[in-house]
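Worksheet for the structure shown next.
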Amino acid sequence: MTSSVTVGVLALQGAFAAHLSILRDLGVEACEVKTNEQLASIDALVIPGGESTTMSMLLVKGDMLDPLRQRVADGMPVFGTCAGMILCSERIEDGRADQHCLSAIPIVSRRNGYGRQIDSFEAELDVTGLDEPFHGVFIRAPVVDSVGDGVSVLAAVDGQPVLCSHGPVTVASFHPELSGDSRLHRRWLIDAGLLPEGLAEASDETVEVTP
């Protein structure tokens, strides 16, 4: 990792602080992204959980939607979690007419596919490329209804994809930032060429994260 590489976390709404904490614990220069100027200055972006419709509206209000789509089209690495996965989708099955998506990864998602807040759950996930299970925190989690050509399904719950990747884009229907486990963030950064491979063998000690 060089000092010239900066990872942004979209900070318009949602659970962005925990992502920033994990990235910084990995030794990554990380910053909030709230403006087009900040968006233009980063090398990769995390889109956090929150409320996908609200995020979409705030992107439009801030004139950030088209610049973000262009950065994605130009190949900027993106990690979308929960609501961030919905925004990254090619299509939202039950989205509102005024809800926009980035088409960052060829999947179809469905909001709150696992139910409402009361139906939130946690699960130990077998993730491709990880030696030990990853603790997944699912909060009003979206469902991946279908995946397109070239999409790798890295983890599933009862046969339903919950972690997918396609090129420099990774999406999760859960909240990896709330697990206190940095392995998925690290893996995404390594796969995107933004973190030296040697750090993949770093200690798997968890980090303290405040939800």
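Our numbering applies: residue 913 is where the sequence shown begins, and numbers increase by one. Each residue gets a CB set at the ideal place from its N, CA and C atoms; glycine is no exception.
Exposure of residue i, with buried meaning 16 or more beta-carbon neighbours within 10 Å
i, result
"ARG983", "buried"
"PHE1033", "exposed"
"ALA939", "Checking the displayed sequence, the identity of residue 939 turns out to be Gly instead of Ala. Flag for GLY939 reads exposed."
"ASP1093", "buried"
"GLU949", "exposed"
"ALA1104", "buried"
"THR1082", "buried"
"GLU1109", "exposed"
"PRO1045", "exposed"
"SER1001", "buried"
"GLU1089", "buried"
"ALA1180", "The shown model of the chain, from 913 to 1123, leaves out residue 1180, and the question about it has no answer."
"GLY1071", "exposed"
"GLY996", "buried"
"ALA952", "exposed"
"SER916", "exposed"
"ASP1116", "Annotation note: pLDDT 44 at ASP1116 (below 50); position unreliable, no value reported."
"THR1122", "With a pLDDT of only 35 at THR1122, under 50, the local geometry of the prediction cannot be trusted, and the value read off the model is given with reservation. Classification for THR1122: exposed."
First through last residue of the alpha helix (DSSP H) which encompasses residue i
i, result
"THR965", "964-973"
"GLU1089", "Counting along the chain, GLU1089 falls outside any alpha helix (DSSP H), and DSSP gives it neither H nor E."
"ALA952", "948-952"
"ALA985", "977-985"
"ASP1103", "1095-1103"
Cβ distance (whole Å) where residue i is taken to contact residue j below 8 Å
i, j, result
"SER1064", "SER1085", "That pair is no contact at about 15 Å."
"GLY961", "THR993", "5 Å"
"VAL945", "LEU957", "7 Å"
"LEU1106", "PRO989", "7 Å"
"PRO1054", "ARG1022", "6 Å"
"LEU999", "MET967", "6 Å"
"GLY920", "ILE954", "4 Å"
"TRP1100", "PHE991", "5 Å"
"ASP1038", "ALA1067", "6 Å"
Residue range of the beta strand (DSSP E) that includes residue i
i, result
"ASP1057", "1055-1059"
"GLY920", "918-922"
"GLY1079", "No beta strand (DSSP E) holds GLY1079; DSSP gives it neither H nor E."
"CYS1013", "Unbroken run through CYS1013: none, as it is neither H nor E."
"LEU932", "Here LEU932 belongs to no beta strand (DSSP E); instead the alpha helix (DSSP H) covers 928-937."
"GLU1002", "1001-1004"
Opposing strand residues paired with residue i [DSSP bridges]
i, result
"GLY1048", "ALA1035"
"CYS943", "GLY920"
"LEU957", "GLY920 and VAL990"
"VAL1069", "GLN1072"
"ARG1008", "According to DSSP, ARG1008 bridges with nothing at all."
"VAL1020", "ARG1003 and SER1058"
Residue i CB to nearest heavy atom of the ligand ADP below 7 Å
i, result
"ILE934", "With respect to the ligand ADP, the structure shown offers nothing to examine, as it has no ligands at all."
Residue-level contact to chain D via CB, residue i, 8 Å cutoff
i, result
"PRO989", "Checking the listed chains, one finds no chain D in this structure; it contains a single protein chain."
(request) Determine contact between the region 1009-1016 and the region 1047-1066, defined as no fewer than three beta-carbon pairs at a distance below 8 Å. (result) With the rule of 3 Cβ pairs closer than 8 Å, the region 1009-1016 does not count as touching the region 1047-1066.
(request) Inspect the CB distances between the region 921-929 and the region 958-973 and report whether three or more fall short of 8 Å. (result) Judged by Cβ distances under 8 Å, the region 921-929 makes contact with the region 958-973, as three or more pairs qualify.
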